[in-house]
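Visitor: At position 20 of the sequence shown (counting the first as 1) the number is 19 in numbering that gives the first Met the number 0, and the numbers step up by one without a gap. Built from N, CA and C at the ideal position, the CB exists for glycine as well. Keep in mind that this is a model prediction, so the values were computed, not measured. I have a structure I would like to understand better, so I am pasting it below and will then ask my questions one at a time.
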Amino acid sequence: MSPNDRVLGPDDLDGYLRLREGSFGYPAGDEALDAFRARLPNSFGAFVDGELAAVVTQHPYRAWAAGACVPMGGFGGVATAPEHRRAGHVARLMRAALDAGRAKGFGWNLLYPFDAAFYGRYGWASVPTGVPLALPPERLPPGVPGRLARVDGSARAGLAAPYARFAPTRTFADARTEGPWDAWEDLDEAPGQRVLRFAGTDAFVAMKLRDEAAGVRLDVLDLGWRDAAGRDAVWGILSAFRGQVAVVHLEAPWDDPVAADRQRAHAVAGHAGLMARVADVATAAAALRAVADDDAALDLAPLVVKVIDGYAPWNDGTWRLTPGPDGTEVEPTRGRADATVDVRGLALLWSGAAAPADVRRAGWAEGDGRALATLAALSGGRRPFRSPVDRF
Ligand SMILES: CC(C)(COP(=O)(O)OP(=O)(O)OC[C@H]1O[C@@H](n2cnc3c(N)ncnc32)[C@H](O)[C@@H]1OP(=O)(O)O)[C@@H](O)C(=O)NCCC(=O)NCCS
């Protein structure tokens with residue numbers, strides 16, 4: 000780290016709140032103070048003349064990647080005081096935070112960008128997740144009614160079990176076991192009318208009804224399914240609101256046929272997208288297994304890949320990967336590379352966000368197609384999706 004950069008401590012709270020005011024306009028309300036105080040040990044600050052000029056917080060949590068539950072970092076509260084912008088502070092702090100995250104086993108970093116181009120130049124790639132749709136329930140598939148039961152009590156008690164069966168099928172699904180936020184609490188405390196929750200063994204959905212001038216609006220806050228029967232069950236319960244509800248707002252998984260079928264007519268402006276970065280090639284690769292989506296072992300040949308990563312020099316270089324059913328052996332090599340991949344292309348291949356041909360077309364991969372196919376196969380037959388309640 001540069002001499003004027005350091006991890007924040009308890010004495011930095013006032014400076015941190017002052018900086019936040021200038022970037023996010025948040026008042027330093029009492030309620031937020033505890034959460035902000037807890038962030039300080041995970042925050043990297045740049046100081047100019049003894050004053051905090053820029054900050055990056057790396058939240059620690061666990062999430063699923065290719066069917067394995069792994070520790071990850073997530074950048075939030077990225078800010079530079081207006082008078083210190085464009086001096087390179089954030090670019091420097093993010094690198095320091097990524098580097099520090101390696102000791103904590105963070106192979107990946109996720110963030111929700113204000114502008115994808117800003118983070119793209121530092122090696123994050125946009126990955127598809129939910130497609131926000133607004134449509135009458137009649138426009139959703141009928142599904143199969145009566146398969147999910149209403150669950151009362153806390154959200155965790157009602158939904159954690161089906162969630163835990165769903166999450167491994169999705170790369171970047173939060174484990175919801177660790178982290179500075181608690182999706183279950185957010186689902187308990189969603190403002191306005193009480194949250195209705197329905198669950199079965201392999202599927203769940205949480206929603207809120209709201210009266211509006213144009214009729215009743217149903218907001219789906221969280222949803223997931225492990226298999227086709229679970230999917231039918233979720234559409235089935237939403238179908239039950241036909242005739243009662245004027246419009247359903249939901250984030251459909253981007254690769255679900257519902258998203259593809261309805262996107263043109265029913266897509267609405269959503270939140271900032273999700274971006275992912277391979278924070279540490281060796282750590283991320285080690286957790287990737289040679290398995291299909293049902294965890295059956297695949298026979299994947301070893302390969303040598305040259306990774307281009309000008310921002311995180313510990314990744315930049317040539318690696319020999321030997322995939323196995325329990326993980327991938329990774330070692331630096333001087334051998335000749337079968338393929339060359341930009342670190343953004345690596346994030347797309349390993350997360351299942353894109354196929355080799357897509358990454359090649361973007362200019363982020365070249366070389367032997369068999370090596371690229373192996374890198375893509377390490378996604379374990381999964382694709383990205385992260386529930387909107389897991390946003391940080
Ligand atoms: C976005 C923000 C964090 C950038 O901080 P910063 O310290 O000025 O960033 P850096 O100086 O490290 O900028 C790195 C590069 O990005 C460019 N950049 C800075 N702000 C940018 C912006 N708003 N849009 C696009 N590029 C930008 C810089 O010119 C620099 O490029 P260069 O190296 O080619 O000169 C800062 O403007 C800010 O606090 N904004 C308000 C809060 C916010 O939106 N935070 C992001 C939440 S996801």
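Hey, could you find the ends of the beta strand (DSSP E) H248 is sitting in?
Guide: Taken as a continuous stretch (DSSP letters only), the beta strand (DSSP E) holding H248 covers V244 to P252.
Visitor: Can you name the residues that DSSP bridges to D210?
Guide: Per DSSP, V215.
Visitor: Consult DSSP for P112 and reduce its assignment to one of helix, strand or coil.
Guide: In this structure, P112 counts as coil in the three-state DSSP scheme.
Visitor: By Cβ distance below 7 Å, which residues in the same chain neighbour F391 in space, the five residues on each side in sequence not counted?
Guide: Result list for F391: H58, G73, G75 and W180, in chain order.
Visitor: Just the C-alpha distance for V6 and P40, rounded to the nearest angstrom, thanks.
Guide: If I take the Cα positions, the gap works out to 6 Å.
Visitor: Residues in the same chain with beta-carbon distance under 6 Å from A154, minus the five sequence neighbours each way, listed in chain order, please.
Guide: The residues are W183, L186 and D187.
Visitor: Rounded to the nearest angstrom, what separates L139 and A268 at their Cα positions?
Guide: Looking at the two C-alpha atoms, the distance is approximately 19 Å.
Visitor: Mind checking whether the beta-carbon of V47 lies closer than 7 Å to any heavy atom of ligand 1?
Guide: False, no ligand heavy atom lies under 7 Å from that Cβ.
Visitor: Helix, strand or coil: which one does DSSP assign to H270?
Guide: In the structure shown, H270 sits in coil (DSSP, three-state: anything other than H, G, I, E or B).
Visitor: Let's see if you can read the secondary structure: which residues bound the beta strand (DSSP E) around P131?
Guide: G129 to L134 is the extent of the beta strand (DSSP E) around P131.
Visitor: Based on the DSSP output, what are the partners of M71 in its beta bridges?
Guide: BP columns for M71 point to Y60.
Visitor: If we count Cβ pairs, one from each stretch, closer than 8 Å, do we get three or more for the stretch 223 to 235 versus the stretch 96 to 113?
Guide: Cβ pair count under 8 Å is below three, so no.
Visitor: Output the distance between the C-alpha atoms of P81 and S22, rounded to the nearest integer angstrom.
Guide: The straight-line gap from Cα to Cα measures roughly 7 Å.
Visitor: Return the chain-ordered list of same chain residues with a C-beta closer than 8 Å to the C-beta of L220, the five sequence neighbours on each side being excluded.
Guide: Correct list, in chain order: L186, A189, V194, A205, M206, K207, P387 and V388.
Visitor: So, using beta-carbon positions, are A251 and V257 closer together than 8 Å?
Guide: Cβ distance < 8 Å, so A251 and V257 count as in contact.
Visitor: Considering only the alpha carbon of each residue, which of A124, A289, R343 and P301 lies closest to G379?
Guide: Out of A124, A289, R343 and P301, A289 has the C-alpha closest to the C-alpha of G379.
Visitor: Given 8 Å as the limit, is there contact between the stretch 273 to 284 and the stretch 147 to 163, that is, 3 or more CB pairs closer than that?
Guide: Segments in contact, no.
Visitor: Excluding sequence positions up to five away, which residues of its chain have a Cβ less than 7 Å from the Cβ of L297?
Guide: Result list for L297: A289, V290, A291 and A376, in chain order.
Visitor: Specify the secondary structure class of R230 as computed by DSSP and reduced to three states.
Guide: Looking at R230 - three-state DSSP - the assignment turns out to be helix.
Visitor: Residues in its own chain within less than 7 Å of L97 by CB, not counting five upstream and five downstream?
Guide: Closer than 7 Å at Cβ, skipping near neighbours: N108, A278 and A311.
Visitor: List the residues that DSSP assigns as beta-bridge partners of W318.
Guide: W318 pairs with V304 and P331.
Visitor: For D294 versus G66, is the C-beta spacing smaller than 8 Å?
Guide: Yes, the Cβ-Cβ distance between D294 and G66 is below 8 Å.
Visitor: Tell me whether the beta-carbon of L18 lies closer than 8 Å to the beta-carbon of A78.
Guide: Result yes, Cβ atoms of L18 and A78 sit closer than 8 Å.
Visitor: Nearest to V143 by CA position, among T176, A239, G100 and L132, is which residue?
Guide: Comparing Cα positions, the closest option is A239.
Visitor: Would you check if the distance between the CB atom of R169 and the CB atom of W63 is smaller than 8 Å?
Guide: In this structure, W63 lies closer than 8 Å to R169 by Cβ.
Visitor: For V277, which beta-bridge partners are listed by DSSP?
Guide: According to DSSP, V277 bridges with W107.
Visitor: Give every residue of the same chain whose Cβ lies closer than 6 Å to the Cβ of E330, excluding the five residues on either side of it in the sequence, and list them in chain order.
Guide: R319.
Visitor: How about G87: is its Cβ closer than 7 Å to a heavy atom in ligand 1?
Guide: Because some heavy atom of ligand 1 lies under 7 Å away, the Cβ of G87 counts as near it: yes.
Visitor: Here's the rule I'm using: 16 or more other beta-carbon atoms within 10 Å means buried, otherwise exposed. How should A34 be labelled?
Guide: Its Cβ having fewer than 16 others within 10 Å, A34 is exposed.
Visitor: What I want to know is whether the C-beta of D292 ends up closer than 7 Å to one or more non-hydrogen atoms of ligand 1.
Guide: No, the Cβ of D292 stays beyond 7 Å of every heavy atom of ligand 1.
Visitor: Flag R225 as yes when its Cβ comes closer than 7 Å to any non-hydrogen atom of ligand 1, and as no otherwise.
Guide: It does not: the Cβ of R225 is nowhere closer than 7 Å to a heavy atom of ligand 1.
Visitor: Does the Cβ of T79 lie closer than 7 Å to at least one heavy atom of ligand 1?
Guide: Checking the Cβ of T79 against ligand 1 gives yes.
Visitor: List the whole-angstrom C-beta distance separating G366 from A338, where the pair is believed to meet the contact cut-off of C-beta under 8 Å.
Guide: At roughly 3 Å, the Cβ-Cβ gap stays under 8 Å, so G366 and A338 are in contact.
Visitor: Between F23 and ligand 1, is the CB less than 7 Å from at least one heavy atom?
Guide: Yes, the Cβ of F23 comes within 7 Å of a heavy atom of ligand 1.
Visitor: For a quick check, are the C-beta atoms of G122 and R343 less than 8 Å apart?
Guide: Contact: yes.
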